[in-house]
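To keep things clear, I will list the structure first and then write my remarks on it.
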């Protein structure tokens, strides 16, 4: 007899018999109430006991012949717990999916407090945080100002002079005393208030500038202290060392700084000669200026693009109103606070002093977290609306750019990102950048003249505790991703300042 051709069987999902009620439970929060009928529970229990009876090996009974009552007595607790967890998990997933609940995380259900009833339905409820629902502002014709980019001759000459200085050498100053921009070679003695010993350093190189450093200690008005100083002169000043100073020997104390000047040097800028041009891979001064002009233009264009992006971000933040999920904000705030705390301790601030600032830091981190999350949800919704997708090639390109700016190998950096789970963050950054580019394409752009730099004012300064860079993360957290440009002509190389 010929075998009948097997026909594919289409699987049909059995309609859930669970009773589900969904209601609002606050901002970005839904309450889900579920009732699983007794017949579903009994059906699941029967199914589990049949599976157990088929596979269980019980002394005195053949496999598959063990009485159900004996199995209930021996394995009842485990089976009941297993059925309860499976039914609750399935019911929760179905409730979220079937009711289009856009949850941000799995529901937090205390299973220990819920028992599987012997008779009647299983009732339980939970709350789940959901993605905020909000309306996007108008995305067409956002008003954006674009500063004109112009690499003037004066700007090119300034950059050329700075380049000559960076490539220059320090030479003994034969006439006159020290002035701002010079370098002083001195022996330094540091005497801490109340200390019996002193710290002596020899042949320390000190840059003469308004707010400089002597042996690592910040000295306000250093240019005035060293003005007209010559070899053989002695200069003294008492400094109030900040409470944030990394060295606990000086932290928060008065330190008398004595400088015994041995020599004064001035910067001899590099000459514009063939040797200098060869080092920079240019033909002559005109070629060098052309390259500097291009560098200045490219840098200015990046800055202008970043400023335009920031205007888009500001518009979106100001024009969008939405509630934020409280626990997600709290989690993000805690992460920011921990990072700030660690940075301050690593920079040398005493734990007690950091603890004194915790209220201020906590408020700052909460504000940061709220702003970051608001932008995240807004940009995510914009990406969906504009149908912005990110390819693997685009992610790799972004990694390659960042790696190049840090002197890293792209493949090595990608491995590290994959290892610590940061690849997803890179994908979000690329997608966000593409969204901003699309919004800028639609923006109502007005070209404006560059603002003239404000005249530098010299004001009398009180002795204050200089703020360290512990807040660096605050500014980095909201920095938009400026559009990167990789195509370049032959350019003059710069030394790090």
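Residue numbers (the numbering used here): 9 to 505. For glycine and all other residues, C-beta sits at the position ideal for the given N, C-alpha and C. Everything numeric in this text was worked out from a predicted model, so none of it was measured.
With the cut-off set at 8 angstroms, would you say residue i and residue j are in Cβ contact?
i: residue 242; j: residue 229; result: no
i: residue 276; j: residue 413; result: no
i: residue 132; j: residue 122; result: yes
i: residue 381; j: residue 436; result: no
i: residue 190; j: residue 181; result: yes
i: residue 112; j: residue 73; result: no
i: residue 348; j: residue 377; result: no
i: residue 386; j: residue 152; result: no
i: residue 213; j: residue 193; result: yes
i: residue 124; j: residue 42; result: no
i: residue 175; j: residue 308; result: no
i: residue 185; j: residue 237; result: yes
i: residue 457; j: residue 39; result: no
i: residue 93; j: residue 130; result: no
i: residue 288; j: residue 164; result: no
i: residue 265; j: residue 227; result: yes
Tell me the rounded alpha-carbon separation between residue i and residue j.
i: residue 483; j: residue 345; result: For residue 483, the predicted model reports a pLDDT of 37, less than 50, meaning its position is unreliable and no value from the coordinates is stated.
i: residue 471; j: residue 248; result: Reliability fails at residue 471, whose pLDDT of 41 lies under 50, so the model's placement of it is uncertain and the value that follows must be treated cautiously. Approximately 7 angstroms, taken between the alpha carbons.
i: residue 329; j: residue 444; result: 19 angstroms
i: residue 69; j: residue 55; result: 20 angstroms
i: residue 354; j: residue 365; result: 16 angstroms
i: residue 27; j: residue 423; result: 48 angstroms
i: residue 427; j: residue 198; result: 47 angstroms
i: residue 398; j: residue 441; result: 10 angstroms
i: residue 262; j: residue 296; result: 49 angstroms
i: residue 418; j: residue 396; result: 25 angstroms
i: residue 118; j: residue 82; result: 26 angstroms
i: residue 91; j: residue 53; result: 7 angstroms
i: residue 128; j: residue 88; result: 15 angstroms
i: residue 108; j: residue 334; result: 21 angstroms
i: residue 234; j: residue 253; result: 23 angstroms
i: residue 240; j: residue 224; result: 22 angstroms
i: residue 363; j: residue 105; result: 45 angstroms
i: residue 162; j: residue 231; result: 27 angstroms
i: residue 351; j: residue 409; result: 26 angstroms
Could you check what DSSP says for residue i in three-state terms: helix, strand or coil?
i: residue 417; result: coil
i: residue 212; result: strand
i: residue 487; result: For residue 487, the predicted structure reports a pLDDT of 37, less than 50, and the residue's modelled location is therefore unreliable. The matter cannot be settled from this model.
i: residue 8; result: Past the boundaries of the shown model lies residue 8; the chain is included only from 9 to 505, so the question cannot be answered.
i: residue 31; result: strand
i: residue 122; result: coil
i: residue 288; result: coil
i: residue 25; result: coil
i: residue 445; result: helix
i: residue 56; result: helix
i: residue 175; result: coil
i: residue 70; result: coil
i: residue 451; result: coil
i: residue 254; result: coil
i: residue 322; result: helix
i: residue 194; result: strand
i: residue 111; result: strand
i: residue 398; result: coil
i: residue 410; result: helix
If you count every other CB in all the chains shown that lies within 10 Å of the CB of residue i, and 16 or more means buried, which is it?
i: residue 317; result: buried
i: residue 46; result: exposed
i: residue 76; result: exposed
i: residue 286; result: exposed
i: residue 389; result: buried
i: residue 255; result: exposed
i: residue 430; result: exposed
i: residue 100; result: buried
i: residue 281; result: exposed
i: residue 434; result: buried
i: residue 65; result: exposed
i: residue 311; result: exposed
i: residue 319; result: buried
i: residue 451; result: buried
i: residue 31; result: exposed
i: residue 415; result: exposed
i: residue 469; result: Residue placement at residue 469 is flagged as unreliable, the pLDDT there being 43, under the threshold of 50; a coordinate-derived value is accordingly withheld.
Give me the DSSP bridge partner(s) of residue i.
i: residue 247; result: 263
i: residue 241; result: Bridge partners of residue 241: none, in fact.
i: residue 206; result: 199
i: residue 335; result: Note: residue 335 sits in no beta bridge, so no partner.
i: residue 134; result: 40
i: residue 274; result: 179
i: residue 404; result: According to DSSP, which records beta bridges pairwise, residue 404 is partnered with nothing at all.
i: residue 228; result: 219
i: residue 155; result: 456
i: residue 268; result: 195, 242
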